[in-house]
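Asks:
Below, the structure written as structure tokens:
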């Protein structure tokens, strides 16, 4: 479902000015609209895309051939070039470079990319995609001194397999670090899908505890899709509560659509430097639990008040 030719929009005021579709070859393995190909070691093959300018103006379309990766939202993404994966070969290593195509009004054009499979072949799944978008760098709308770059993009996925060898998934939780996500306090869990396997729409249940304790202080529930051999940072919101110095543990339970489970754990520490993020955050809920000094001052004030009452009462008795 995440490989198909999808259209993403980044501005409501824009209009779609072109269409893009995959011209599926004979080694297509399924009835899907993206490239789902069985390839052979050392094989060379042309992948053909068809572009259609649906506007009445000349347009310039950029087609970037990119590796698939998992983004910070836990979704498989194709929009960045040069993303490094955990091992080779990758889609970008096997496909010819990105292209810029000029289209006259209403013109249709086929664009060819060259695919070269390594002589040794590969096991598992290689995943990439053609990220197609209009280059509007010369005609950006300007308003009150600001540049508004409206951008629609088509993604045509490419899924390649070479052997029938079954690969077992392997996930790791590499590190956990405190930080800011869009200005809000969070921790970042660095996750890796080590093997060339796609795992879609996995249920991720995460719990943070203080080191050596069992009571959860934070819980998270997310859906995450893992691209093959990807490493990424998954932000987990700290719910606007201040970071406190101490040692913690993050435990994550992963469950796939077939019910198979993986358990990951990682210890981490919040130190004094990390606490400075509280002052940089957009919002922090100030509560008395976050500062023991407040309790100490309240207790001291109560003692002073009771002492004064006792002393005044004693003086009055002496006067009588």
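In UniProt numbering, the protein residues as written are 1 to 320. Built from N, CA and C at the ideal position, the CB exists for glycine as well.
1) Mark residue 306 as exposed unless 16 or more other C-beta atoms lie within 10 angstroms of its C-beta, in which case mark it buried.
2) If the criterion is Cβ atoms closer than 9 Å, does the pair residue 248 and residue 276 meet it?
3) What does DSSP give as the partner residue(s) for residue 28 in the beta ladder?
4) Does the Cβ-Cβ distance between residue 34 and residue 79 come in under 9 Å?
5) Apply the 10 Å Cβ neighbour rule to residue 296 and answer buried if 16 or more other Cβ atoms are within range, or exposed otherwise.
6) Contact between the region 229-241 and the region 68-77: three or more CB pairs below 8 Å?
7) Can you grab the Cα-Cα spacing for the pair residue 263 / residue 190, in whole Å?
8) Reducing DSSP to helix, strand and coil, say where residue 99 ends up.
9) Within 9 Å of any Cβ in chain D, is that where the Cβ of residue 301 sits?
10) Looking at C-alpha atoms only, which residue of 196, 244 and 188 is the closest neighbour of residue 85?
11) Tell me which residues share the same chain as residue 96 and place their Cβ nearer than 6 Å to its Cβ, disregarding the 5 neighbours each side in the sequence.
12) Where does residue 90 land, buried or exposed, given buried means 16+ other C-beta within 10 angstroms?
13) Going by other Cβ atoms of all chains shown within 10 Å of its Cβ, with 16 needed for buried, is residue 54 buried or exposed?
14) Is the separation between the beta-carbon of residue 106 and that of residue 52 shorter than 9 Å?
15) Sort 171, 204 and 250 by Cα distance to residue 214 and report the nearest one.
16) With the cut-off set at 9 Å, would you say residue 170 and residue 266 are in Cβ contact?
17) Report the residue ranges of all alpha helix (DSSP H) runs contained in full by the UniProt domain "WxL Interacting Protein host binding" (144-278); include only those spanning at least 4 residues, in chain order.
18) Just how far apart, CA to CA, sit residue 26 and residue 268?
19) Just reading off the beta strand (DSSP E) that residue 18 is part of, what are its end residues?
20) Using the beta-carbon count (16 or more within 10 Å), is residue 2 buried or exposed?
21) Count the other C-beta atoms from every protein chain shown that fall within 10 angstroms of the C-beta of residue 285, then say buried if there are 16 or more, exposed otherwise.
22) Please indicate yes or no: does the CB of residue 286 lie closer than 8 Å to some heavy atom of the ligand HEM?
23) Considering Cα atoms alone, identify which of 160, 301 and 30 is closest to residue 198.
24) Shortest alpha-carbon distance to residue 129 belongs to which of 57, 227 and 178?
25) Considering only residues of the region 46-109, which uninterrupted alpha helix (DSSP H) runs meet the minimum length of 4 residues and lie entirely inside it, listed in chain order?
26) Can you tell me which of the three DSSP states residue 312 falls into?
27) DSSP puts residue 111 in a beta bridge; with which residues?
28) Among residues of its own chain, excluding the 5 on either side of residue 136, which ones have a beta-carbon nearer than 6 Å to its beta-carbon?
29) Taking the straight line between their C-alpha atoms, what separation do you get for residue 126 and residue 92?
30) From the DSSP output, read off the bridge partner residues of residue 130.
31) DSSP three-state label for residue 125, please.
32) So, residue 37 versus residue 194, is the Cβ gap smaller than 9 Å?
33) Less than 9 Å between the beta carbons of residue 203 and residue 218, yes or no?
Replies: On the basis of the supplied data:
1) Locating residue 306 in the chain shown gives position 306, where the first residue counts as 1. Classification for residue 306: exposed.
2) Counting from 1 along the chain shown, the entry for residue 248 is found at position 248. Counting from 1 along the chain shown, the entry for residue 276 is found at position 276. Result no, Cβ atoms of residue 248 and residue 276 do not sit closer than 9 Å.
3) Residue 28 sits at position 28 when you count from the first residue of the chain shown. Residue 28 is bridged to 37.
4) Here the question's residue 34 lines up with position 34 in the chain shown. Here the question's residue 79 lines up with position 79 in the chain shown. Not closer than 9 Å, so no.
5) Counting from one through the chain shown, the residue named residue 296 turns up at place 296. Burial call: exposed.
6) yes
7) For the purposes of this step, residue 263 is identified with residue 263 of the chain shown, where counting begins at 1. For the purposes of this step, residue 190 is identified with residue 190 of the chain shown, where counting begins at 1. Rounded to the nearest angstrom, the two C-alpha atoms are 15 Å apart.
8) Here residue 99 is taken as the residue at index 99 of the chain shown, counted from 1. It is a strand residue.
9) Checking the listed chains, one finds no chain D in this structure; it contains a single protein chain.
10) Taking the chain shown and counting its residues from 1, the one referred to as residue 85 is at position 85. Nearest option by C-alpha distance: 196.
11) Locating residue 96 in the chain shown gives position 96, counting from the first residue. Only 113 and 114 meet the Cβ criterion.
12) As a working note, residue 90 is residue 90 in the chain shown. Looking at its Cβ environment, which holds 16 or more other Cβ atoms inside 10 Å, residue 90 is buried.
13) Counted from its first residue, the chain shown places residue 54 at position 54. Classification for residue 54: exposed.
14) Here residue 106 refers to the residue found at position 106 when the chain shown is read from its first residue. Here residue 52 refers to the residue found at position 52 when the chain shown is read from its first residue. Yes, the Cβ-Cβ distance between residue 106 and residue 52 is below 9 Å.
15) Here residue 214 corresponds to residue number 214 of the chain shown, with the count starting at 1. Out of 171, 204 and 250, 250 has the C-alpha closest to the C-alpha of residue 214.
16) Position 170 of the chain shown, counted from the first residue, corresponds to residue 170. Position 266 of the chain shown, counted from the first residue, corresponds to residue 266. Not in contact: residue 170 and residue 266 (Cβ atoms no closer than 9 Å).
17) 272-275
18) In the chain shown, residue 26 corresponds to position 26, counting from 1. In the chain shown, residue 268 corresponds to position 268, counting from 1. When rounded, the distance between both Cα atoms is 51 Å.
19) The residue labelled residue 18 in the question sits at position 18 within the chain shown. Unbroken beta strand (DSSP E) run through residue 18: 18-23.
20) Within the chain shown, the letter at position 2 stands for residue 2. Bear in mind that a pLDDT of 46 at residue 2, under 50, signals an unreliable position, so the number given afterwards is only what the model happens to contain. So residue 2 ends up on the buried side.
21) For the purposes of this step, residue 285 is taken as residue 285 along the chain shown, with counting starting at 1. Exposed, since its Cβ has fewer than 16 Cβ neighbours within 10 Å.
22) What this structure holds is no ligand at all, so the ligand HEM is not there to describe.
23) The count along the chain shown starts at 1 and reaches residue 198 at position 198. Here the closest residue by C-alpha is 160.
24) Counted from its first residue, the chain shown places residue 129 at position 129. Here the closest residue by C-alpha is 227.
25) 91-94
26) Your numbering for residue 312 matches position 312 in the chain shown. In the structure shown, residue 312 sits in a helix (DSSP, three-state: H, G or I).
27) By one-based count along the chain shown, residue 111 stands at place 111. Answer is 49.
28) As a first step, residue 136 must be located in the chain shown, where it is residue number 136. Excluding residues within five positions, none has a Cβ falling inside 6 Å.
29) As a first step, residue 126 is located in the chain shown; it is residue number 126 there, counting from the start. As a first step, residue 92 is located in the chain shown; it is residue number 92 there, counting from the start. About 10 Å.
30) In the chain shown, counting from the first residue as 1, residue 130 sits at position 130. 65 and 156, per the DSSP bridge assignment.
31) Residue numbering aside, residue 125 sits at position 125 when the chain shown is read from its first letter. Residue 125: strand per DSSP, three-state reduction.
32) Taking the chain shown and counting its residues from 1, one reaches residue 37 at position 37. Taking the chain shown and counting its residues from 1, one reaches residue 194 at position 194. Not closer than 9 Å, so no.
33) What you label residue 203 is simply residue 203 of the chain shown in a count that begins at 1. What you label residue 218 is simply residue 218 of the chain shown in a count that begins at 1. The answer is no: Cβ separation not under 9 Å.
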